[in-house]
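Numbering of the sequence shown is given in the UniProt record's numbering, commencing with residue 1 and proceeding in unit increments. Following: one structure in structure tokens, then a few remarks.
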Amino acid sequence: MVHYVELPGDRRYPVVIESLAALPAWLERVGLRHGRLLLVTDENIARLHLEPLRAALEAAGWTPRVLVLPPGEPTKALPYLERIYDEALRWGIDRRTPVLAFGGGVIGDLAGFAAATLLRGLPLVQVPTTLIAQVDSAIGGKTGINHARGKNLIGAFHQPVLVFADPSLLQTLPVREWTSGLAEVVKHALIGDPALFALLEERWADVMQRDAALLPELISQAVAVKIRVVMQDEREAGLRAILNFGHTFGHAIERVAGYGHFTHGEAVALGMLAALWLSHRRHPDLPVDRIRTLLQRLPVPGSPDTLDFEALREAMQVDKKALAGRLRFVLLRRVGEAYVADDVTEAELRDAWQFVL
Ligand code: NAD
Ligand code: ZN
């Protein structure tokens, strides 16, 4: 399956959902020349999936240089960016040397930023290996690293020349990474695709079991939503903000619980419940019970009622400052249609949080 991301100025790139064996042919199809290729990955992915990829690249005439970094969010930081720079420049690259990011969102964001900045921009190939990365982070061109002051504070827009997602790679994901990614898939359904919402409702058991026959379809539909949003708004301003459905509360929950307590997807699952309550208040026709049922199927370990509401509200105020004075929420008008509202009152927030608990 292939989708295309079309951008202003006649730029476009394919998002391919297929087995890794087809990657070399696609590299050629997007115009990359054989030769050196800088492959960045992490230890978990290297252990599970690197050798077949390396062999396929070498068989097709590529000379990959493999850089294996430690897994986890702390890798998305300056010291590891520097390692990529050092390795690339010592080895010898030119402006046509592709950077291939083989990993989850951490590797994609980090190697993507390296590609954006080395020699003022190298061709970037995203080969995402987590569900979040396949349906979300590898598409859209946002790259970057964290800083001690906060997440994603240093970065650049740099669109890939190819995104290549092999659904079979997801079979080895730890279960909590799988369900966290599903939260973003549910989000894509709610903000952009009633058919995907129905698919999730009907085939939830198969989804949780990662039914190999279902995965390509599931990923393809979720990818299509992300592409549609990105195409309408490459650089954030308006429509792209709807991707933050569930994220205003979600980010606050992550921060107040302490990063690492809830995964990002778990926090977003809770945040979507709060946003659902706010949406239903404005749009009484919204099928709130169906949506709530689906959201509550996403497993969230522990209980959010240990979180202090005042602390959450404060954490959301921090976001508010960043957004020049307005607390913005993404709300649903109906399944498949979202918009940004800035009329949410403080009193409503408390009630929305009660709905989550
Ligand atoms: P991740 O990259 O840390 O991967 C999660 C874990 O899964 C890691 O331990 C990794 O080693 C392991 N893993 C990856 N693929 C595997 C596989 N196939 N089998 C077994 N284990 C595997 O995290 P993530 O959830 O993919 O991404 C989170 C990051 O993405 C965050 O830094 C977030 O800021 C970023 N993000 C970026 C965008 C964007 O638009 N650029 C969007 C959403 C999220
Ligand atoms: Zn998210």
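We put the beta carbon where it would ideally sit given N, CA and C, even for glycine.
Going by C-alpha to C-alpha distance, which of ALA115, ILE45 and PRO167 sits closest to ILE17? Position 17 of the sequence shown, counting from 1, holds the residue named residue 17. Among ALA115, ILE45 and PRO167, the Cα nearest to that of ILE17 is on PRO167.
Rounded straight-line distance, which links the Cα of LEU118 to that of TRP91: Here residue 91 corresponds to residue number 91 of the sequence shown, with the count starting at 1. Here residue 118 corresponds to residue number 118 of the sequence shown, with the count starting at 1. Looking at the two C-alpha atoms, the distance is approximately 13 angstroms.
Taking all protein chains shown into account, decide if HIS280 is buried (16 or more other Cβ within 10 angstroms of its Cβ) or exposed. As a position in the sequence shown, residue 280 is number 280, starting the count at 1. Result: buried.
Starting from residue 361, trace the beta strand (DSSP E) both ways and give me its first and last residue. Since the first residue of the chain shown is 1 and the last is 357, residue 361 is not available in this structure.
Quick check for students: name the residue ranges of the beta strand (DSSP E) that lie wholly in the UniProt domain "3-dehydroquinate synthase N-terminal" (67-179), counting only runs of 3 or more. 99-103, 124-128, 142-147, 150-157 and 162-165
Could you give the C-beta distance for GLY140 and VAL230, rounded to a whole number, given that I count them as a contact under 8 angstroms? Mapped onto the sequence shown, residue 140 falls at position 140. Mapped onto the sequence shown, residue 230 falls at position 230. 4 angstroms between Cβ atoms; contact.
Is it the case that the CB of THR172 approaches a heavy atom of the ligand NAD more closely than 7 angstroms? Taking the sequence shown and counting its residues from 1, one reaches residue 172 at position 172. Correct: THR172 has its Cβ closer than 7 angstroms to the ligand NAD.
Provide the residue span of the beta strand (DSSP E) that contains ILE17, from first to last. Here residue 17 refers to the residue found at position 17 of the sequence shown. Note, ILE17: beta strand (DSSP E), 11-17.
Between SER180 and GLU266, which are expected to be in contact by the criterion C-beta below 8 angstroms, what is the C-beta distance as a whole number of angstroms? Here the question's residue 180 lines up with position 180 in the sequence shown. Here the question's residue 266 lines up with position 266 in the sequence shown. SER180 to GLU266, Cβ: 6 angstroms. Contact.
Start and end of the alpha helix (DSSP H) containing ARG328? Along the sequence shown, read from residue 1 onward, the residue named residue 328 stands at position 328. Taken as a continuous stretch (DSSP letters only), ARG328 belongs to no alpha helix (DSSP H), as it is neither H nor E.
Which residue marks the beginning of the alpha helix (DSSP H) containing ASP193, and which one marks its end? As a first step, residue 193 is located in the sequence shown; it is residue number 193 there, counting from the start. No alpha helix (DSSP H) contains ASP193, which DSSP labels as neither H nor E.
For VAL340: DSSP bridge partner residues: The residue given as residue 340 occupies position 340 in the sequence shown. VAL330, per the DSSP bridge assignment.
In whole angstroms, give me the CA-to-CA distance for PRO301 and ARG334. Counting from one through the sequence shown, the residue named residue 301 turns up at place 301. Counting from one through the sequence shown, the residue named residue 334 turns up at place 334. Spanning the two alpha carbons is a distance of roughly 29 angstroms.
Would you decide whether GLY35 is buried or exposed? Buried here means 16 or more other CB atoms lie within 10 Å of its CB. What you label residue 35 is simply residue 35 of the sequence shown in a count that begins at 1. Classification of GLY35: exposed, given that the 10 Å Cβ count is below 16.
Taking THR129 as the reference, which of SER19, PRO123 and LEU200 has the closest Cα? The count along the sequence shown starts at 1 and reaches residue 129 at position 129. Comparing Cα positions, the closest option is SER19.
Delimiting residues of the alpha helix (DSSP H) encompassing ASP308: Working through the sequence shown from its first residue, we reach residue 308 at position 308. It is not in any alpha helix (DSSP H) - ASP308 carries neither H nor E in the DSSP assignment.
What does DSSP give as the partner residue(s) for THR263 in the beta ladder? To locate residue 263, count along the sequence shown from 1; it is residue 263. Its beta-bridge partners do not exist; DSSP assigns none.
Anticipated Cβ contact below 8 angstroms, LEU331 with ARG282, distance rounded: Locating residue 331 in the sequence shown gives position 331, where the first residue counts as 1. Locating residue 282 in the sequence shown gives position 282, where the first residue counts as 1. That belief holds up - the Cβ atoms of LEU331 and ARG282 are roughly 7 angstroms apart, short of 8 angstroms.
Please return the same chain residues whose Cβ sits closer than 8 angstroms to the Cβ of GLU217, not counting the five positions on each side in sequence. To locate residue 217, count along the sequence shown from 1; it is residue 217. Correct list, in chain order: LEU199.
Count the C-beta pairs between the region 45-64 and the region 75-95 that are closer than 8 angstroms, then say yes if the count reaches three, no if not. no
Three or more C-beta pairs closer than 8 angstroms, one from the region 244-255 and one from the region 267-274: is that the case here? yes
Classify ASP233 as helix, strand or coil using the three-state DSSP reduction. In the sequence shown, residue 233 corresponds to position 233, counting from 1. Coil, per DSSP.
By alpha-carbon positions, which one of LEU182, HIS3, VAL2 and LEU173 ends up nearest to ASN44? Here residue 44 refers to the residue found at position 44 of the sequence shown. When each option's Cα is compared against that of ASN44, the closest is LEU173.
Contacts around LEU214, its chain only, beta-carbon distance under 8 angstroms, and the 5 residues preceding and following it disregarded: As a working note, residue 214 is residue 214 in the sequence shown. These residues qualify, in order along the chain: ARG203, ASP206 and VAL207.
Go ahead and label TYR85 buried or exposed: buried means 16 or more other beta carbons lie within 10 angstroms of its beta carbon, across all protein chains shown. On the sequence shown, residue 85 is found 85 positions in, with the first residue counted as 1. Burial call: exposed.
Since HIS3 sits in a beta bridge, which residues does DSSP pair it with? One-based indexing of the sequence shown puts residue 3 at position 3. HIS3 is bridged to VAL15.
ASP211: buried (16+ other C-beta within 10 angstroms of its C-beta) or exposed? The count along the sequence shown starts at 1 and reaches residue 211 at position 211. Exposed is the call here.
Contacts around PHE355, its chain only, beta-carbon distance under 7 angstroms, and the 5 residues preceding and following it disregarded: If you number the sequence shown from 1, residue 355 lands on position 355. Same-chain partners within the cutoff: LEU273, ALA274 and TRP277.
For the ligand NAD, is there any heavy atom lying closer than 7 angstroms to the beta carbon of ASP166? The residue you call residue 166 lines up with position 166 of the sequence shown. No; taking the cut-off as 7 angstroms, the Cβ of ASP166 has no heavy atom of the ligand NAD nearer than that.
Enclosing beta strand (DSSP E) for LEU37 [first to last residue]: In the sequence shown, the residue the question calls residue 37 occupies position 37. From DSSP, the beta strand (DSSP E) with LEU37 extends over 36-42.
Can you tell me which of VAL68, VAL135 and ASP94 puts its alpha carbon nearest to the alpha carbon of ILE107? One-based indexing of the sequence shown puts residue 107 at position 107. Selected option, being the one with the closest Cα: VAL68.
Any residues whose CB sits closer than 6 angstroms to a heavy atom of the ligand ZN? List them in chain order? GLU184, HIS247, HIS264 and VAL268
Using CA coordinates, which residue listed in VAL318, LEU295 and VAL5 is at the minimum distance from ARG149? Locating residue 149 in the sequence shown gives position 149, where the first residue counts as 1. The shortest Cα separation from ARG149 among VAL318, LEU295 and VAL5 belongs to VAL318.
Taking the alpha-carbon of LEU48 as reference, which of THR63, PRO71, GLY31 and ARG65 has the nearest alpha-carbon? Along the sequence shown, one-based indexing puts residue 48 at 48. With distances taken between Cα atoms, LEU48 lies closest to PRO71.
By DSSP, does ARG297 sit in helix, in strand, or in coil? Position 297 of the sequence shown, counted from the start, is the residue given in the question as residue 297. The answer is coil: DSSP assigns ARG297 none of H, G, I, E or B.
Give every residue of the same chain whose Cβ lies closer than 6 angstroms to the Cβ of ILE132, excluding the five residues on either side of it in the sequence, and list them in chain order. As a first step, residue 132 is located in the sequence shown; it is residue number 132 there, counting from the start. GLY105, GLY181 and GLU184.
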